[in-house]
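In what follows, a single structure is set out as structure tokens and then discussed.
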Amino acid sequence: MDRFSLEGHVKGVSTGTTILAVKFAGGVIIGSDSRASMGGSYVSSKVINKLVQVHDRIYCCMSGSLADAQAITRAAKFQLAFHSIQMEEPPLVKAAASIMQELCYKHKEELSAGFITAGWDRKRGAQVYSVSMGGMLVSQPFTIGGSGSTYIYGYVDAKYKPGMTRDECQTFATNALTLAMGRDNVSGGVAHLAVISEKGVEHIVIPGDKLPKFNDK
Amino acid sequence: DGEVIYDGRINCRLQLGSFRLCDVSQSGNMAAMMQFPSNVSTFNNYNDLYPDWTQREVSTGTTIMAVEFDGGVVIGADSRTTTGAYIANRVTDKLTPIHDRIFCCRSGSAADTQAIADVVTYQLGFHREELMAGIIVAGWDRRRGGQVYTVPVGGMMSRQPVSVGGSGSSYIYGYVDSNFKEGMNREECVNFTASAVSLAMERDGSSGGVIRLAVISEGSVERRVILGNQLPKFSTV
Chain A
64 MDRFSLEGHV KGVSTGTTIL AVKFAGGVII GSDSRASMGG SYVSSKVINK LVQVHDRIYC
124 CMSGSLADAQ AITRAAKFQL AFHSIQMEEP PLVKAAASIM QELCYKHKEE LSAGFITAGW
184 DRKRGAQVYS VSMGGMLVSQ PFTIGGSGST YIYGYVDAKY KPGMTRDECQ TFATNALTLA
244 MGRDNVSGGV AHLAVISEKG VEHIVIPGDK LPKFNDK
Chain B
5 DGEVIYDGRI NCRLQLGSFR LCDVSQSGNM AAMMQFPSNV STFNNYNDLY PDWTQREVST
65 GTTIMAVEFD GGVVIGADSR TTTGAYIANR VTDKLTPIHD RIFCCRSGSA ADTQAIADVV
125 TYQLGFHREE LMAGIIVAGW DRRRGGQVYT VPVGGMMSRQ PVSVGGSGSS YIYGYVDSNF
185 KEGMNREECV NFTASAVSLA MERDGSSGGV IRLAVISEGS VERRVILGNQ LPKFSTV
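The listed protein sequences correspond, in order, to chains A and B. This note's numbering applies: residue 64 is where the first sequence begins, and numbers increase by one. This note's numbering applies: residue 5 is where the second sequence begins, and numbers increase by one.
In structure tokens:
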């Protein structure tokens, strides 16, 4: 089934990407690369931001078809704002992820986009949810996605430890993104990271020349 | 929509085709939320009349790796041969000697790679080695010491200090890139190879079984096997 294969088969502008999100003690780091490509041979943008803020403490990162992903996140952002007003309190991360999941599942025939939703809420603290293309929702301590993620499964399996500090987590996320961008031709550009915690959100951008180097010959 | 809380040791695996999405194995409390759309029937075409393995070719779908060190090379591979979803051989030896100190690691169709390895072994009696697709050739000779040559599908050949191949190799590029250091000694190379192959076996459904290693140097060829319960462990999610 094409839908379940890698994002490389997407028509039009694809994010052909590397995205990830990792929980640490007290918050979550969500990160992505910044390349948008068409068909793997043309980079249509070197600096797009795949991290979308759907609420104060909830971010989504997109993968797959850029058009579909943007449409879904806009719809989700609207629904979430409405939901938050009705409930008179900030929304749960699970609620945001559920909204994305419902959109992806209901329109699975037309859409081809996958997401990682991560954030902080008062009820459960930091959480990471992965919404895959067909509409499956899974909660995990950390998750990676996009075409570039294939190359770093071994690395993240080896290096992840539960209960990392914020700085260890940031290094982990930066290294993972760098390694994936180094091997996947449709991922690249700068690394975008957002650190979300109770105190707020910090957006970090690391340009290509400041990324860590691994055996670059 | 529901929450599932497990108490006690559980093993849960989500698999898409031959790719393992996540493994959850923990004791104690773990809350995992999973929602499967109810109308998704199958990821594979599954017909009760004809088992999967009668319609598929035998493939080594594998993870292979070779690393140079000062004085020799370490080569490693998993041990699973599959016919579709059936594991035809769970203790395959994919490290084929083609000469005293030269081995090749095979990936791809089992029949094809065996035939190619036979041809090479035969040809070596007459000419210098001719290299073939989807294979890593590694060994030791007096002139250049330990060497690893990779010949991916297509026929390009290049010498590299470390090379990975097979279906499982995609998952460990990041790990290999970050952990390889020039000038490792023999034991470090063995641990590096074993860890990398183990990580690939964790994620690739077509790789598994035991890890077979061979350390080739001037003095000897040392073969080792790392069984399932002795595999290097990493914190599983």
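The beta-carbon is built from N, C-alpha and C at its ideal position, and this holds for glycine as well. Keep in mind it's a predicted model, so treat the numbers as computed, not measured.
Going by DSSP, what residue range makes up the alpha helix (DSSP H) through residue i?
{"i": "A:Ile-162", "result": "156-169"}
{"i": "B:Ser-199", "result": "190-207"}
{"i": "A:Met-125", "result": "That residue, A:Met-125, is in no alpha helix (DSSP H); its beta strand (DSSP E) goes 121-127."}
{"i": "B:Gly-75", "result": "That residue, B:Gly-75, is in no alpha helix (DSSP H); it is neither H nor E in DSSP."}
{"i": "A:Ala-233", "result": "Residue identity check: residue 233 of chain A is Gln in the sequence provided, not Ala. Taken as a continuous stretch (DSSP letters only), the alpha helix (DSSP H) holding A:Gln-233 covers 229-246."}
Work out the CA separation of residue j and residue i for me, nearest whole Å.
{"i": "A:Arg-229", "j": "A:Gly-182", "result": "14 Å"}
{"i": "B:Lys-98", "j": "B:Ala-81", "result": "6 Å"}
{"i": "B:Cys-193", "j": "A:Ser-147", "result": "54 Å"}
{"i": "A:Lys-169", "j": "B:Ser-199", "result": "42 Å"}
{"i": "A:Tyr-214", "j": "A:Met-199", "result": "22 Å"}
{"i": "A:Val-194", "j": "A:Gly-127", "result": "12 Å"}
{"i": "A:Asp-96", "j": "A:Gly-271", "result": "10 Å"}
{"i": "A:Ser-202", "j": "A:Gly-208", "result": "13 Å"}
{"i": "A:Val-156", "j": "A:Gly-177", "result": "17 Å"}
{"i": "A:Thr-234", "j": "B:Gly-178", "result": "14 Å"}
{"i": "A:Gln-164", "j": "A:Ala-134", "result": "14 Å"}
{"i": "A:Glu-231", "j": "A:Ala-243", "result": "18 Å"}
{"i": "B:Tyr-175", "j": "A:Gly-217", "result": "5 Å"}
{"i": "B:Ile-91", "j": "B:Lys-237", "result": "23 Å"}
{"i": "B:Ile-102", "j": "B:Phe-73", "result": "20 Å"}
{"i": "A:Ser-108", "j": "B:Ser-162", "result": "33 Å"}
{"i": "B:Gly-170", "j": "B:Ala-204", "result": "10 Å"}
{"i": "A:Tyr-223", "j": "B:Glu-191", "result": "24 Å"}
{"i": "A:Gly-252", "j": "B:Val-123", "result": "45 Å"}
{"i": "B:Lys-185", "j": "A:Ala-159", "result": "43 Å"}
{"i": "B:Phe-196", "j": "A:Asp-119", "result": "43 Å"}
{"i": "B:Ser-221", "j": "A:Met-125", "result": "49 Å"}
{"i": "A:Ala-84", "j": "A:Ile-162", "result": "18 Å"}
{"i": "B:Arg-227", "j": "B:Pro-165", "result": "20 Å"}
{"i": "B:Ile-215", "j": "B:Val-168", "result": "14 Å"}
{"i": "A:Ser-260", "j": "A:Ala-138", "result": "24 Å"}
Which stretch, first to last residue, makes up the beta strand (DSSP E) that contains residue i?
{"i": "A:Val-101", "result": "Note on residue identity: the sequence assigns Met, not Val, to residue 101 of chain A. 99-101 is the extent of the beta strand (DSSP E) around A:Met-101."}
{"i": "A:Lys-86", "result": "82-87"}
{"i": "B:Gly-149", "result": "149-155"}
{"i": "B:Asp-145", "result": "139-145"}
{"i": "B:Asp-100", "result": "According to the sequence shown, residue 100 of chain B is Thr rather than Asp. 99-103 is the span of the beta strand (DSSP E), which, as asked, contains B:Thr-100."}
{"i": "A:Arg-94", "result": "Residue 94 of chain A is actually Gly in this sequence, not Arg. It spans 90-95 - the beta strand (DSSP E) in which A:Gly-94 sits, taken as one unbroken run."}
{"i": "A:Ser-193", "result": "188-194"}
{"i": "A:Gln-116", "result": "114-118"}
{"i": "B:Ser-167", "result": "166-169"}
{"i": "B:Arg-110", "result": "106-110"}
{"i": "A:Ser-108", "result": "105-108"}
Considering only the beta carbon of each residue, do residue i and residue j sit closer than 7 Å?
{"i": "B:Thr-66", "j": "B:Ser-111", "result": "yes"}
{"i": "A:Thr-136", "j": "A:Val-115", "result": "yes"}
{"i": "B:Tyr-87", "j": "B:Asn-93", "result": "This sequence places Thr at residue 87 of chain B; Tyr is not what is there. It is not a contact, given that the beta carbons lie outside the stated cut-off."}
{"i": "A:Lys-86", "j": "A:Val-258", "result": "no"}
{"i": "A:Gly-94", "j": "A:Ala-189", "result": "no"}
{"i": "A:Gly-103", "j": "A:Val-264", "result": "no"}
{"i": "B:Leu-231", "j": "B:Ser-202", "result": "no"}
{"i": "B:Val-225", "j": "B:Ala-218", "result": "yes"}
For residue i, is the classification buried or exposed, using 16 other Cβ atoms within 10 angstroms of its Cβ as the cut-off for buried?
{"i": "A:Glu-152", "result": "exposed"}
{"i": "B:Asn-189", "result": "exposed"}
{"i": "A:His-255", "result": "buried"}
{"i": "A:His-266", "result": "exposed"}
{"i": "B:Arg-147", "result": "exposed"}
{"i": "A:Phe-141", "result": "exposed"}
{"i": "A:Val-268", "result": "exposed"}
{"i": "A:Leu-143", "result": "buried"}
{"i": "B:Arg-207", "result": "buried"}
{"i": "A:Met-150", "result": "exposed"}
{"i": "A:Val-110", "result": "exposed"}
Which of helix, strand or coil does DSSP assign to residue i?
{"i": "A:Lys-273", "result": "helix"}
{"i": "A:Leu-174", "result": "coil"}
{"i": "B:Val-180", "result": "helix"}
{"i": "B:Phe-238", "result": "coil"}
{"i": "B:Tyr-175", "result": "helix"}
{"i": "A:Tyr-223", "result": "coil"}
{"i": "B:Ala-89", "result": "coil"}
{"i": "B:Arg-216", "result": "strand"}
{"i": "A:His-215", "result": "The sequence as given places Ile at residue 215 of chain A; His does not occur at that position. Correct three-state label for A:Ile-215: helix."}
{"i": "B:Leu-231", "result": "coil"}
{"i": "B:Thr-96", "result": "coil"}
{"i": "A:Thr-136", "result": "helix"}
{"i": "A:Gln-142", "result": "helix"}
{"i": "A:Gln-203", "result": "coil"}
{"i": "A:Asp-131", "result": "helix"}
{"i": "A:Gln-149", "result": "helix"}
For the ligand NAP, is there any heavy atom lying closer than 6 Å to the beta carbon of residue i?
{"i": "B:Val-166", "result": "Summarising the ligand content, the structure contains no ligands, and the ligand NAP is consequently not present."}
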